[in-house]
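Shown next, in structure tokens, is the structure this report addresses.
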Amino acid sequence: MRSLLRSRILLPLALVGALGCGDDEPQTPELLTVNLPVVARVGTEAFECGKTYTNVGTTGTTYEPMDFRVYVHNVRLVTRDGKEVPVTLTEDGTWQHSGVVLLDFANKDGLCTQGTAAMNASIKGTAPQGDYTGLRFTVGVPEDVNHGDPTTLGAPMDDTGLHWSWQSGFIFTRIEGRTQGLPQHVLHLGSTACAPPPEGQTQGTAGCANNNRPEFHLDGFDVTKNKVVMDLGTLFAGANLDVNAPSTAAGCMSSPTDTDCGALFQPLGLAFGGQAANPAAQTFIRAE
Numbered sequence: 015m016r017s018l019l020r021s022r023i024l025l026p027l028a029l030v031g032a033l034g035c036g037d038d039e040p041q042t043p044e045l046l047t048v049n050l051p052v053v054a055r056v057g058t059e060a061f062e063c064g065k066t067y068t069n070v071g072t073t074g075t076t077y078e079p080m081d082f083r084v085y086v087h088n089v090r091l092v093t094r095d096g097k098e099v100p101v102t103l104t105e106d107g108t109w110q111h112s113g114v115v116l117l118d119f120a121n122k123d124g125l126c127t128q129g130t131a132a133m134n135a136s137i138k139g140t141a142p143q144g145d146y147t148g149l150r151f152t153v154g155v156p157e158d159v160n161h162g163d164p165t166t167l168g169a170p171m172d173d174t175g176l177h178w179s180w181q182s183g184f185i186f187t188r189i190e191g192r193t194q195g196l197p198q199h200v201l202h203l204g205s206t207a208c209a210p211p212p213e214g215q216t217q218g219t220a221g222c223a224n225n226n227r228p229e230f231h232l233d234g235f236d237v238t239k240n241k242v243v244m245d246l247g248t249l250f251a252g253a254n255l256d257v258n259a260p261s262t263a264a265g266c267m268s269s270p271t272d273t274d275c276g277a278l279f280q281p282l283g284l285a286f287g288g289q290a291a292n293p294a295a296q297t298f299i300r301a302e
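In terms of the numbering used here, the sequence shown opens at residue 15 and continues consecutively.
See the structure below:
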């Protein structure tokens, strides 16, 4: 009788314990696969090495591509109530690593002799399922890797053609082409006026006066339908690509004293000289 009573008491307790353990187990959130197409254009035309574009810039010049590569990082989706949710980028060993993506629109056709014949036109990763209405990201590489040794950081940060040895930092955006007036017009965007390494270090920097990492906010972006457009037509719209300021680099290499940079920094939303930063006014990147 005593053993029967004991079993009647212990059985319900065991069931309660089992149910309680199940309720306490953390639930793995369902993930959304993120695959964002990124399209390169020159105005209404698709960007392609080997093509010649007309009516570019303030002089309506011709433009023949030589290079078009862009680093991005800090990719986030934005919920309907304004919360930012980071995208966990897929490590693919080639284009995405350590939260950095290299977008490469140049192959080896035409005048495009830099980099590789391979191209990458997407941002891939995962995020928690959610109601997302916006996309945000930063052009460039993070400060904590910007002044590292590119030969040790792994792809896509191992390309020394996207690194300034004299500046000890990465070229965040490398855009080059030939125009009617210039055999080579370049936009090399990167951090400038960087201090020497901190005391006791042989590499890196104590900080840069001009970080030059533009932030892009694409509102109304449907992650399942929209694409990111990078448009050289709008980037060059206010610039004269046929002339170059005396005693300066061919185009703009981000020097704060190179007046050719002003008309190119404005559509990136960046400050230049007396021109204040205005990310909301950028025209280079849009959603479609």
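Ideal Cβ placement from N, Cα and C applies to all residues, glycine included.
Query, Result
"Assigned secondary structure, Thr68 (DSSP; H/G/I helix, E/B strand, else coil)", "strand"
"Sufficient close CB pairs (3 or more, under 8 Å) joining the segment 141 to 149 to the segment 107 to 120", "no"
"Cβ shell of Pro156 (< 6 Å), same chain only, five flanking positions each side left out", "His87"
"Extent of the continuous beta strand (DSSP E) to which Lys224 belongs", "In the sequence as displayed, the identity of residue 224 is Asn instead of Lys. That run of the beta strand (DSSP E) goes 222 to 224."
"C-alpha gap between Asn160 and Arg83, whole angstroms", "16 Å"
"Alpha carbon of Ser21 to alpha carbon of Val92, nearest angstrom", "Legend: pLDDT at Ser21 = 47, less than 50; position of this residue unreliable, value from coordinates given subsequently. The alpha-carbon atoms of Ser21 and Val92 are separated by roughly 55 Å."
"Proximal residues to Ala207 (C-beta, below 8 Å), its chain only, five neighbours per side dropped", "Cys222, Ala223, Asn224, Pro270"
"Supposed contact pair Val242 and Ile299 - C-beta distance, whole angstroms, cut 8 Å", "6 Å"
"Whole-angstrom distance between Thr165 and Leu176, CA atom to CA atom", "11 Å"
"Within 8 Å, strictly: CB atoms of Gly139 and Leu103", "yes"
"Neighbourhood of Thr68 by C-beta, 6 Å cutoff - its chain only, sequence neighbours within 5 removed", "Thr76"
"Delimiting residues of the alpha helix (DSSP H) encompassing Asp245", "Careful: Asp245 lies outside any alpha helix (DSSP H), inside the beta strand (DSSP E) at 242 to 245."
"Expected contact under 8 Å - CB spacing of Gly57 and Gly124 to nearest Å", "With 8 Å as the limit, Gly57 and Gly124 do not qualify as a contact, their Cβ atoms being about 18 Å apart."
"Distance between Gly74 and Leu45 (C-alpha atoms, nearest Å)", "47 Å"
"At least 3 beta-carbon pairs within less than 8 Å: the segment 232 to 240 vs the segment 257 to 277", "no"
"Candidates Thr72, Phe61, Glu62, of which the one nearest Asp274 by Cα", "Thr72"
"Buried or exposed (CB count within 10 angstroms, at least 16 for buried), Glu302", "exposed"
"Environment of Asn292 [buried if 16+ CB atoms lie within 10 Å]", "exposed"
"Coarse secondary structure for Thr248, derived from DSSP in three states", "helix"
"Residues that DSSP places opposite Cys126 in a beta bridge", "Answer is none; Cys126 lacks a bridge partner."
"Cβ neighbours of Pro228 in the same chain (closer than 6 Å, five flanking residues each side left out)", "Val153, Leu282, Gly283, Leu284"
"beta-carbon Gly204 near the ligand MN non-hydrogen atom, thresh 7 Å", "Judged by which ligands are present, the structure shown has none, so any question about the ligand MN falls away."
"Local conformation of Pro260 per DSSP, three classes", "coil"
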